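Chains as they are written, first to last, in this note's numbering: chain Y, 2 to 337; chain E, 9 to 296; chain X, 680 to 1008. A short worksheet on the structure shown next.
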Amino acid sequence: MSENVLEIKDLKAYYKILKGDVKALDGVTFNVKRGEILGIAGESGCGKSTLASALILRKKPLQYVSGEAKLLGTDIMKLPEKQFKKMRLKNISIIPQYALDAFSPTKKIRIFISDLVREHGIRPNRKFFKKVEERLDMINLDPSALDRYSIELSGGMKQRMIMIISTILDPDFIIADEITSALDVSSQRFVANMLVKLRDEGITGSAIFITHDLSILYQIAERIMIMYAGHFAEIGPTDEIVSNPRHPYTKALIGSLPQVGIQYKENRLSGIKGTPPHLLNIGEGCRFRFRCPYKTSKCEETPQMERITDNHFVSCWHWKENFSDINTSGGEKDGE
Amino acid sequence: MAKSEFWKKHENLYFAVTNGKVIFGLIIFMSILALAIFGPMFAKYDYEEFAGPGYMPPSKDFWFGTTLMGKDVFTRVVYGLRSTFVVGFVGGTIATFVGLIIGFLAGYYSGKLTDEVLMMITNIFLVIPTLALLIILSAYLPYRGILSQSIIIGLTAWTWTARAVRSQTMSLKNQEFVNLSRISAAPVTKIIAEDIAANMFSYVFMVYIIQFTGTILAAVSLEFLGLGPTQGISLGLVMQNAVNWNAIQLGLWWWAILPGLLLTILIVSLYFINTGLDEVFNPRLREM
Amino acid sequence: MKKYLGKKIFIYLITFFFAVTIDWAIPRFMPGDPIQMLLSRFQGMEGGREIIEAQITASFGLDRPLLEQYFNFWGSLFKGDLGTSIYAFPEPVMNIIQQAIIFDILLLVPSILLSWIVGNKLGAFSGVNKKADKYTMPFFYFLTSSPYFWFAVVVVFFFGVQLPWFPINSAYSSMMRPGFNFAFIVDFLHHWFLPFLTLFLVQLGGWAIGMRNMIIYEMGSNYSKYMESLGASEKLIRKYAFRNGVLPQVTGLAIRLGNIVAGALTTQIVFSYPGLGYVLLKGILNQDYFLVQGCFLFIVIFVLLANFLVDIVYMFIDPRVRFSYSGEV
């Protein structure tokens, strides 16, 4: 039990709007082990960002519905706001999607950091800022950046600064929400490696790395969880997910990745036909069934999470079947 | 059901007509407008007529009391309201129109010479104190009518609109659907009409309300200064008379306070409508 | 930064130029030839008539070509010669205005500053307190929708007549002589309070509404979200939001100045407070064109200077101005 930093059980959180409920996170179960980087992948709207919000900051219209989320043994969903506030930054933290926009334009970075840590009872004295500067050094930022306003920093610098700020109190658990999505490829690699380094140096404990880009996860995540339309699809060790995916969606995702060395004149890059369903007042059943070529009437029932190995779980009625080449858009080979 | 289909399509309209603030403001506004349109028909007296003894507080015969000389305040107010509304509508339309054109052109050609020049002109008009400008224009006009008053107010009040429209245009311009039209080589007017204008309609409506309010206030101030229409009656004139005849000191509070109160309530109602519409069109402000 | 200021100064200079030109052009080009009307007015006047005629001909330069008239106008402006008042003949316009301006500044500066500060605080409070907001907003609407002169009348009614706590005319009693003595200052403040209150309250409504909206907007921004996600208290977030919300309020001050001055003008008339507004009205009523023109110019100068001051202040409080390279923020 103490192996797990985060234990999520059947967590549900909906956006409650006038027209009804958008079931953006509808029953997800997984754990994050100590010191692990869990990648969470899926296309836009699959619920990964909702998961992040549900864990760190639920703002109307997002509301907790049911389920458990135990951080270091405490169910943070049921915790009163006052107590949870103390856990933020110290035990659980986030590197947000909007990092480039996360600074107040009228405060110098140093002041911002001082104000923030003071809220947690830490004195922003010289000793503290020495630690900050060490972290900045680690991430290739000049300490002079602290005495600047956010407008003086470039996008990349802001991104790195946010990483440092979010981890300044060495949180046990960090949520990295699409931190590479707005960057160019080399910056992506740098940022992703930085996350690993933070974990390796013991600065952060565990992490979930949310992205739609599987190729990054392949490089830095120990396990990967796939989500689809608010539902859990599959979770497992990275190489197993990539080499032996058991959920039709996962298979399609892996298959749609561009591979280096292939000339796409010969093989068409296959996408996945169709789009995810609307989550407003959505009913029961597997949410991928509208696009899945293997669907049967059984799929009208919401699939249960089933164990493949101790580390590999999937949520599909047909995972046992041996799928043939799953180019759902029909990967025609030209000229043959 | 056809009805719910309609509401689903025009979701914004649904929110507009159910928004409390909008309804509240609209009721008040319509009532005062009705007063302006129909009031004179029901007034028992003429506004220049010496209807009764002077110095009468509000009563059954004289709903707003009488002036020092015996003219019926209610009649004067109700006729004055008419000129107020005319100035508001005409001046507001002119101001909105001019502001729209200037703002739109500046925004569409943002960064280029057209934009710089137009913004320079706008900034000049923005800085010059409008009332002072109006005073100096009005003071030298040999004859001032409601129409000329509306026109000069409209021609000096457009700056805010121009700026607001320009920034809206600039942000819309960069959005995807406009670029698509450009790629498809649709003519400029089509882009304007379909893509940009359609999205700006709600915005323009709110802007019009603000211009309407501003025009009325400017007009009333001019009238109070004695620079209103040379003939006829207007709310500001009623109040100027009251103040000149020391109405308050002499105890004729109804003469000085009631006309202004009506005007203030009218403007407050428009504020409510605008705030309500703001909630409708900017869902972030909407309460769930 | 320099570009920002430079652009602003350029606009103000052009505006001043434009204002002076209008001031010069209007009486000459308006239909109905007001100058002739003016001259004809003094047909029957004894003694003063020739002087006025000479004055008018000289200052309007009616016997000179148009362009020369224009330059002469600028010339006399720089000399500080704004002509002689007609209604207060033979007092030079400049003198009348100089006396009036002091009263204006004493009225305008405190009311603008205090209403801005208090209004912003109230607006921020309203923005974070949903319950209070329901009651305060209509009140603020009411204040800001009131025509200044009407509100002045209401103030006079309640505090000058019903509860005769304050005098309602002039800036000081006729028995007093202006001077830096205690008795006069007290008397002046006594007279000053109601006009001040009027300007203070009406402006306050506008600032409160503005800041309330800004606070709501800033509290919903990404940096607010980030701070909350990292465990910052609402108090801290509000502090940051306020700091950011103040910026457009400063800009708003510059934009509103013209409107505030207009309000001051009409308020002064209600109180017979001898500021520019009161003087201006006298000028209008007496068709004293020199006085009206002089007042117009001074009002414009005042607004331009105040705008410039606000621009400088803004430059110091918004770091983005210092580091961005465009003229506008």
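Yeah, the Cβ is synthetic: ideal placement off N, Cα and C, and Gly gets one too. These numbers come from a predicted model, not from an experiment.
Problem set entry | Backbone CA spacing between X:Lys758 and X:Pro817 [nearest angstrom] | 50 Å
For this session: For the beta strand (DSSP E) containing Y:Pro238, list its first residue and its last residue.
Result: His232 to Pro238
For this session: Could you tell me if X:Asp783 is buried or exposed, where buried requires 16 or more neighbouring beta carbons within 10 angstroms of its beta carbon?
Result: buried
Exercise. Since Y:Gly40 sits in a beta bridge, which residues does DSSP pair it with?
Worked result: Y:Phe210 and Y:Ile225
Problem set entry | C-alpha gap between Y:Lys20 and Y:Ile217, whole angstroms | If you take the alpha carbons of Y:Lys20 and Y:Ile217, they lie about 37 Å apart.
For this session: Starting from the C-beta of E:Phe93, find all residues in its chain whose C-beta is less than 7 Å away, skip the five residues before and the five after it, and write them out in chain order.
Result: Leu41 and Ala44
Exercise. In its own chain, which residues sit with a C-beta less than 7 Å from the C-beta of Y:Pro144, not counting the 5 before and 5 after it?
Worked result: Glu134 and Leu137
Exercise. My guess is that Y:Ile225 and Y:Ala25 are in contact by the Cβ rule of under 8 Å, so how many angstroms apart are they, rounded?
Worked result: Actually they are not in contact, since the Cβ atoms of Y:Ile225 and Y:Ala25 sit about 20 Å apart, beyond 8 Å.
For this session: Going by CA-CA distance only, name the one from E:Trp168, E:Trp262, E:Gln176 and E:Leu145 that's closest to E:Gly234.
Result: E:Leu145
Problem set entry | Sub-9 Å separation of E:Pro237 and E:Val81 beta-carbons | Taking 9 Å as the Cβ cut-off, E:Pro237 and E:Val81 do not qualify as a contacting pair.
Exercise. Within the chosen definition, does the region 154 to 172 of chain E reach the region 97 to 112 of chain E through at least 3 CB pairs nearer than 8 Å?
Worked result: yes
Exercise. Considering E:Asn282, what are the terminal residues of the beta strand (DSSP E) in which it resides?
Worked result: Note, E:Asn282: premise wrong, no beta strand (DSSP E); alpha helix (DSSP H) at Trp261 to Phe289.
Problem set entry | Length of the line joining the Cα atoms of Y:Val186 and Y:Val192 | Approximately 10 Å, taken between the alpha carbons.
Problem set entry | Limits of the unbroken beta strand (DSSP E) element including Y:Ser67 | Leu63 to Leu72
For this session: Check whether the Cβ atoms of X:Met893 and X:Arg917 sit closer than 9 Å, and answer yes or no.
Result: Result no, Cβ atoms of X:Met893 and X:Arg917 do not sit closer than 9 Å.
Exercise. Can at least three beta-carbon pairs, one atom from the region 166 to 185 of chain Y and one from the region 89 to 105 of chain Y, be found at a separation below 8 Å?
Worked result: yes
For this session: Would you check if the distance between the CB atom of X:Leu915 and the CB atom of Y:Leu90 is smaller than 9 Å?
Result: no
Exercise. Can you list the beta strand (DSSP E) stretches of 3 or more residues lying completely in the region 748 to 793 of chain X, in chain order?
Worked result: none
Exercise. Out of curiosity, what's the CA-to-CA distance linking X:Lys810 and X:Ala887?
Worked result: 16 Å
For this session: Kindly list, in the order they appear in chain E, the residues whose Cβ is closer than 7 Å to that of X:Ile978.
Result: Pro137 and Ala140
For this session: Under 6 Å Cβ to Cβ from Y:Phe289, same chain only, skipping five residues before and after it: list those, please.
Result: Tyr229 and Tyr250
For this session: Check whether the Cβ of X:Leu915 lies closer than 9 Å to any Cβ atom in chain Y.
Result: It does; some Cβ of chain Y falls within 9 Å.
Exercise. Mind listing which residues of the region 791 to 823 of chain X have their C-beta closer than 7 Å to chain E's C-betas, in chain order?
Worked result: Tyr820 and Phe821
For this session: Within the same chain, show all residues whose beta-carbon is closer than 8 Å to that of E:Ile281, passing over the 5 residues directly before and after it, in chain order.
Result: The residues are Lys29, Val30, Gly33, Leu34, Phe37 and Ile217.
Exercise. Is X:Phe697 near X:Ile847, with beta carbons less than 9 Å apart?
Worked result: no
Exercise. Can you list, in chain order, the residues of its chain whose CB lies under 7 Å from that of Y:Trp318, leaving out five sequence neighbours each side?
Worked result: Lys299, Cys300 and Pro304
Problem set entry | Under 7 Å by beta carbon: chain X residues contacting Y:Phe104 | Below the 7 Å Cβ cutoff, chain X contributes Tyr902 as neighbours of Y:Phe104, in chain order.
Exercise. Hey, Y:His232 and Y:Gly28: beta-carbon distance below 9 Å or not?
Worked result: yes
For this session: Report all residues from its chain with a CB closer than 7 Å to the CB of Y:Leu280; omit the five preceding and five following residues, and keep chain order.
Result: Val23, Lys24, Ala25, Ala230 and Gly231
Problem set entry | Secondary structure of Y:Ser94, DSSP reduced to three states | Note: Y:Ser94 maps to strand in three-state DSSP.
Exercise. Exposed or buried, which one is X:Trp753 when buried takes at least 16 other CB atoms within 10 Å?
Worked result: When all chains shown are included, X:Trp753 counts as exposed.
Exercise. Is it true that the region 141 to 161 of chain Y meets the region 936 to 946 of chain X, where meeting means three or more beta-carbon pairs spaced less than 8 Å apart?
Worked result: no
Problem set entry | chain X contact residues for E:Asn131, given Cβ-Cβ distances below 8 Å | Ile690 and Thr694
For this session: State the CB to CB distance for the pair Y:Gly237 and Y:Asn312, rounded to an integer number of angstroms; the pair is presumed to be in contact (CB under 8 Å).
Result: Yes, Y:Gly237 and Y:Asn312 are in contact; Cβ-Cβ is about 6 Å, under 8 Å.
Problem set entry | First through last residue of the alpha helix (DSSP H) which encompasses X:Ala941 | In the DSSP annotation of this structure, the continuous segment of the alpha helix (DSSP H) that includes X:Ala941 starts and ends at Glu913 to Phe950.
Exercise. Since X:Arg922 meets chain Y, which of its residues come closer than 8 Å, beta carbon to beta carbon?
Worked result: Ser105, Thr107 and Lys108
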